[in-house]
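Asker:
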Amino acid sequence: MRVLVTGGTGYIGGAVLRALRAAGHEPRGVVRSEEAARGVRARGGVPVNGDLRDPRGLAELARDADAVIHAASTQSPDAAEADIAASRAIRDALEGSGKPFVLTSGAWVLGDTGDRMADETWARNPVELVAWRGPLEEEILAAPGMRGIVLRPGVVFGEHGGIPESVAQGELPVVGDGAQHWALVHVRDLADLYVRALGAPAGAILHGIALVATMRDVALLGAARRGGRSFESATLAQARDRLGAFADALAINQRISSDRTQALLGWRPSRTSLVEEFLGDGRLAAA
């Protein structure tokens, strides 16, 4: 299939391009520059000129594809508005086509799950940072005439990237005592799930979760990798002063299952050891 991928030069999207190519698809990465085009080619994709902030152009690219994976994200102040506009443009372009549209959401839309294990049917209770994602999920899932699919990755790690790596490097503080659980997934396992998601039925909600560990676990492994035992910590108030609403996302406790997703798509995440990832041979090298 010709699969249009937004965010193909990013951490997640780049891995998705490689996984699609390995599975025999023709991945097309949306780019705005020649530098980005080189990055897409290096990941096995075909660059196509487009911009998330040009919904009309994005819609044309979507119509010319057999499927769309929206994996782009930005850090700009208008990131939510841009994401919503892009998603709606893709939705409208695919309406009546029967084609799959995989929308990237995230585990943070479930909020704090406490000590209970949340599955794909769990009610949303999003943290402020991603409160806008819930209504967007509903829009895409309810869109007629296409296969709207929502994929919720956990906190992504591996290959020298992701939030856990920032914690391990000491770039992000442990919020509170670090006892809060994070739902995690390796970027390569997640990329495999995106490929499988193209075959999911309309209305499917998928969880990209491979393991659960505490923030303190991640920090301790990072400290051990650096040859020490200590790590930076901050109260929630201190973290908010430094990180804004992102701090609240880091502080919530999440125990999340992907059992339904695994049963539906035959997905079997294979990189489920943080010890091996952080302290094994090659440390964070791709295995």
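Count the sequence shown with my numbering and you get residues 236 to 522, in order. Quick reminder that beta carbons are idealized off the backbone N, C-alpha and C, glycines included.
How is the alpha helix (DSSP H) around P282 delimited, first residue to last?
Answerer: Here residue 282 is taken as the residue at index 47 of the sequence shown, counted from 1. No alpha helix (DSSP H) contains P282, which is instead part of the beta strand (DSSP E) from V281 to N284.
Asker: Report the three-state DSSP secondary structure of R468 (helix, strand or coil).
Answerer: Taking the first residue of the sequence shown as 1, we reach residue 468 at position 233. According to the sequence provided, residue 468 is Ser. The question's Arg does not apply to it. Note: S468 maps to strand in three-state DSSP.
Asker: For R461, name the three-state secondary structure that DSSP assigns.
Answerer: Taking the first residue of the sequence shown as position 1, residue 461 is located at position 226. R461: coil per DSSP, three-state reduction.
Asker: Along the alpha helix (DSSP H) that carries P290, what are the first and last residues, could you check?
Answerer: Position 55 of the sequence shown holds residue 290. Segment P290 to R298, the alpha helix (DSSP H) holding P290.
Asker: Note down the Cα distance separating P335 from L252, rounded to an integer number of angstroms.
Answerer: The sequence position of residue 335 within the sequence shown is 100, counting from 1. The sequence position of residue 252 within the sequence shown is 17, counting from 1. About 16 angstroms.
Asker: Only counting runs of 3 or more residues, tell me where the beta strand (DSSP E) segments fall wholly within the segment 402–441, in order along the chain.
Answerer: 416–421
Asker: With burial defined as no fewer than 16 other Cβ atoms inside 10 Å of the residue's Cβ, what is the status of H416: buried or exposed?
Answerer: The residue you call residue 416 lines up with position 181 of the sequence shown. Looking at its Cβ environment, which holds 16 or more other Cβ atoms inside 10 Å, H416 is buried.
Asker: Using three-state DSSP, classify P370 as helix, strand or coil.
Answerer: Taking the first residue of the sequence shown as 1, we reach residue 370 at position 135. In this structure, P370 counts as helix in the three-state DSSP scheme.
Asker: Between I375, L371, W357 and W343, which has its C-alpha nearest E363's C-alpha?
Answerer: Position 128 of the sequence shown, counting from 1, holds the residue named residue 363. Ranking I375, L371, W357 and W343 by Cα distance to E363 puts W343 first.
Asker: Measuring alpha carbon to alpha carbon, tell me which residue in S508, R460 and W367 is nearest Q404.
Answerer: Taking the sequence shown and counting its residues from 1, one reaches residue 404 at position 169. Taking only the C-alpha atoms, the option nearest Q404 is R460.
Asker: Could you pull out every residue in the same chain whose Cβ sits closer than 7 angstroms to the Cβ of L514, ignoring the five residues on either side in sequence?
Answerer: Mapped onto the sequence shown, residue 514 falls at position 279. Closer than 7 angstroms at Cβ, skipping near neighbours: L456, A459 and R460.
Asker: So, under 8 angstroms CB-CB, V447 and A418 are touching, yes? Tell me the CB distance rounded to an integer number of Å.
Answerer: As a position in the sequence shown, residue 447 is number 212, starting the count at 1. As a position in the sequence shown, residue 418 is number 183, starting the count at 1. Confirmed, about 6 angstroms.
Asker: Within a Cβ cutoff of 8 angstroms, which residues of the same chain sit near A258, ignoring the five residues on either side of it in sequence?
Answerer: Here residue 258 corresponds to residue number 23 of the sequence shown, with the count starting at 1. If we look at A258 and ignore the five residues flanking it on each side, its Cβ neighbours are V430.
Asker: If you reduce the DSSP assignment to three classes, tell me which class D448 lands in.
Answerer: As a working note, residue 448 is residue 213 in the sequence shown. Here the sequence assigns Ala to residue 448, which means Asp is not the residue at that position. It is a strand residue.
Asker: I need the DSSP call for V344, collapsed to helix, strand or coil.
Answerer: Numbered from its first residue, the sequence shown carries residue 344 at position 109. Residue state, collapsed to three classes: helix.
Asker: Taking the continuous alpha helix (DSSP H) assigned at V275, which residues delimit it?
Answerer: Here residue 275 refers to the residue found at position 40 when the sequence shown is read from its first residue. It spans E269 to A277 - the alpha helix (DSSP H) in which V275 sits, taken as one unbroken run.
Asker: Are the Cβ atoms of A302 and G243 separated by less than 9 angstroms?
Answerer: As a working note, residue 302 is residue 67 in the sequence shown. As a working note, residue 243 is residue 8 in the sequence shown. No; because the gap between Cβ atoms is not below 9 angstroms, this pair is not in contact.
Asker: For R253, which of helix, strand or coil comes out of DSSP?
Answerer: In the sequence shown, the residue the question calls residue 253 occupies position 18. Helix at R253.
Asker: Taking C-alpha atoms, which residue in W367, S308, A297 and T339 lies nearest to I440?
Answerer: Against the sequence shown, residue 440 aligns to sequence position 205. For the residues W367, S308, A297 and T339, the minimum Cα distance to I440 belongs to T339.
Asker: Would R425 and I304 be called neighbours here (beta carbons separated by less than 9 angstroms)?
Answerer: Counting from 1 along the sequence shown, the entry for residue 425 is found at position 190. Counting from 1 along the sequence shown, the entry for residue 304 is found at position 69. A small fix is needed here, since residue 425 is Leu in this sequence, not Arg. Contact: no.
Asker: State the DSSP-derived secondary structure class of A520, mapped to helix, strand or coil.
Answerer: The residue given as residue 520 occupies position 285 in the sequence shown. Note that A520 has pLDDT 36, beneath the 50 cutoff, so the model's placement of it is unreliable and the number below is only indicative. Note: A520 maps to coil in three-state DSSP.
Asker: Can you tell me whether Q489 is buried or exposed? The criterion is at least 16 other CB atoms within 10 Å of its CB, across all chains shown.
Answerer: Position 254 of the sequence shown, counted from the first residue, corresponds to residue 489. Buried, by the Cβ-count rule.
Asker: Which one of D289, L386 and S492 has the shortest CA to CA distance from L428?
Answerer: In the sequence shown, the residue the question calls residue 428 occupies position 193. Checked all of D289, L386 and S492; the closest Cα to L428 is L386.
Asker: Can you tell me where the beta strand (DSSP E) holding I384 begins and where it ends?
Answerer: If you number the sequence shown from 1, residue 384 lands on position 149. Here the beta strand (DSSP E) through I384 covers R382 to P388.
Asker: Compare the beta carbon distance of A437 and G383 with 9 angstroms and say whether it is the shorter of the two.
Answerer: Within the sequence shown, the letter at position 202 stands for residue 437. Within the sequence shown, the letter at position 148 stands for residue 383. For A437 and G383, yes; Cβs fall inside 9 angstroms.
Asker: Evaluate contact between the segment 292–300 and the segment 271–282, counting only Cβ atoms and requiring at least three cross-stretch pairs below 8 angstroms.
Answerer: Counting Cβ pairs under 8 angstroms, fewer than three are found: no touch.
Asker: Cα separation between T449 and H442?
Answerer: On the sequence shown, position 214 is the one that residue 449 refers to. On the sequence shown, position 207 is the one that residue 442 refers to. Distance between the alpha carbons of T449 and H442: 19 angstroms.
Asker: Evaluate H260 with the Cβ neighbour count: other Cβ atoms within 10 Å of its Cβ, from every protein chain shown; 16 or more gives buried, anything less gives exposed.
Answerer: Taking the sequence shown and counting its residues from 1, one reaches residue 260 at position 25. With 16 or more Cβ atoms within 10 Å of its Cβ, H260 is classed as buried.
Asker: Starting from G264, follow its DSSP beta bridges and name the residues at the other end.
Answerer: For the purposes of this step, residue 264 is identified with residue 29 of the sequence shown, where counting begins at 1. G264 pairs with V240 and P282.
Asker: In the structure shown, what three-state DSSP assignment does P335 receive?
Answerer: Sequence index remark: in the sequence shown, residue 335 carries index 100 (1-based). P335 falls in the strand class under three-state DSSP.
Asker: What does V391 pair with, by DSSP beta-bridge criteria?
Answerer: Against the sequence shown, residue 391 aligns to sequence position 156. Note: V391 sits in a beta bridge opposite V420.
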